[in-house]
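Asker: Protein chains in written order, with our numbering: chain A, 3 to 154; chain B, 276 to 572. Just dropping this structure here.
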């Protein structure tokens, strides 16, 4: 699979994540939006999304997710428009840094869901899978991104 | 002191180490993948173990709190649900109360009669909206924490027992009967707790020939036998979580409780001369009154 094909995957995953995060943000702000998810038992989106932990620094976690996916999509587009040419260091490290921030946030949110809240939200899990997937793609393709740009 | 030829010591900072990797590649970051996998696995396994321990502790806590007088935070959350929350939730669907009997004539204080049992999970559900409603018309004392039976369906549904309740209201009379407890004896039966008076028994058998509980009749006019919503809505929550969700009114549990409470409120307003006006004229109650069955008088 070519680097460009992987970057298209990154872009697609980022846009899907952006859509899910936008839906969860709308749920937070508009009570007329209905939640399509189980609300009882171990899988309980409602309990997770209405918990105090669903807001970080005064901003819903879902909105932070939107910001993260928007930046991830932008990074994917910036990689795509290079048509497979070597990436400058700022783009490479930007992608790596953003993926690490995302993965670290997923670990923290998983801990919060399982240990603090005691319920799992399926929508959040879908977002976590996308973030981890983007991390994996970023790390797997890292060598390819710089292979045509060796150090002097 | 004689010195032999010195050996050149390679350090990591030497020029040999700064040469680019073969084929001009930087060191691979693929090692981060198993590291992340291990971290995710640790969080998930740790979380599941913690969750199981918490569920076990929660069961013990529910059992230990059984019969405890209503804690202040729960009483406060039940009695101080903001009007905007009531209004926003409104009726939330079709009426569950049926129209029976005729409207009261003359200046008679309407009676609200509840019949249930502590073991019954459907009664456990009914008590939350009932207490939230009656807190709008008067003041409770003597309420205590309880759960439905641990061995019935929807085990240990958190609720409040009305066994020793006392209620004062200028608008209505409350009569309640918890017929049986929630812990089975050696023969598997739940112990009898309270008995119906002859008048109550006549009303109960007249409108509920199968004897199903919970039974709620308001002013002899509005009736519900059975659960207003599924006890599954309350599963996994404790009393504090349920009560804390009510002033906000956004969770499924809170909406289910408050919407039925609005309906009971509208029914009481229909039989007590629409008093107090601050309650009966509120948007949420008017919304609920529209879905209540009417005879037109």
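Cβ atoms here follow ideal geometry from the backbone N, Cα and C, with glycine treated the same way.
Taking the straight line between their C-alpha atoms, what separation do you get for residue 461(B) and residue 373(B)?
Answerer: Residue 461(B) and residue 373(B): Cα-Cα distance of roughly 39 Å.
Asker: Taking Cβ to Cβ, would you say residue 22(A) is nearer than 8 Å to residue 88(A)?
Answerer: It is not a contact, given that the beta carbons lie outside the stated cut-off.
Asker: Please go through the segment 460–518 of chain B and give each complete alpha helix (DSSP H) segment of 4 or more residues, from N-terminal end onward.
Answerer: Here the runs fully enclosed are 473–482.
Asker: Closest Cβ-Cβ distance between residue 105(A) and chain B: below 8 Å?
Answerer: Yes, its Cβ sits closer than 8 Å to a Cβ of chain B.
Asker: Looking only at its own chain, which residues have a Cβ that is under 7 Å from the Cβ of residue 54(A), when we skip the five neighbours before and after it?
Answerer: No residues qualify anywhere along the chain.
Asker: Would you kindly check if the distance between the Cβ of residue 113(A) and the Cβ of residue 364(B) is under 8 Å?
Answerer: No, they are not a contact pair.
Asker: Look at the alpha carbon of residue 473(B) and the alpha carbon of residue 387(B), and state the distance between them as a whole number of angstroms.
Answerer: Taking the straight line joining both Cα atoms gives about 16 Å.
Asker: Nearest-angstrom Cα distance between residue 523(B) and residue 101(A)?
Answerer: Rounded to the nearest angstrom, the two C-alpha atoms are 36 Å apart.
Asker: Is it right to say residue 485(B) is buried, meaning 16 or more other beta carbons lie within 10 angstroms of its own, or is it exposed?
Answerer: With fewer than 16 Cβ atoms within 10 Å of its Cβ, residue 485(B) is classed as exposed.
Asker: Given that a residue counts as buried once 16 or more other Cβ atoms are within 10 Å of its Cβ, and exposed if not, what is residue 453(B)?
Answerer: Label assigned to residue 453(B): buried.
Asker: Run down chain A in chain order and give the residues with a C-beta less than 9 Å from the C-beta of residue 319(B).
Answerer: Residues of chain A passing the Cβ test: 112 and 116.
Asker: Measuring CA to CA, which of 355(B), 397(B) and 368(B) is closest to residue 564(B)?
Answerer: The shortest C-alpha separation from residue 564(B) is found at 368(B).
Asker: Do three or more CB pairs link the segment 322–330 of chain B to the segment 517–532 of chain B at distances below 8 Å?
Answerer: Flag = no, the segment 322–330 of chain B and the segment 517–532 of chain B do not touch.
Asker: Taking Cβ positions only, does residue 144(A) come closer than 8 Å to chain B?
Answerer: Residue 144(A) counts as touching chain B.
Asker: Suppose you measure from the CA of residue 73(A) to the CA of residue 111(A); what does that come to, to the nearest Å?
Answerer: Computed Cα separation, rounded: 19 Å.
Asker: Have a look at the DSSP bridge pairing and note the partners of residue 415(B).
Answerer: Bridge partners of residue 415(B): 442(B).
Asker: Determine the chain B residues that contact residue 120(A) at a beta-carbon separation under 7 Å, and present them in chain order.
Answerer: By Cβ distance, chain B contributes 326 and 329.
Asker: Below 8 Å on C-beta distance, what does residue 303(B) contact in chain A?
Answerer: The answer, in chain order, is 144 and 145.
Asker: Any idea if residue 60(A) is buried or exposed, counting beta-carbon neighbours within 10 angstroms, 16 or more meaning buried?
Answerer: Residue 60(A) should be labelled exposed.
Asker: Hey, could you find the ends of the alpha helix (DSSP H) residue 359(B) is sitting in?
Answerer: Counting along the chain, the alpha helix (DSSP H) containing residue 359(B) begins and ends at 358–364.
Asker: So what does residue 389(B) bridge to, in DSSP terms?
Answerer: In DSSP, residue 389(B) forms a bridge with 451(B) and 491(B).
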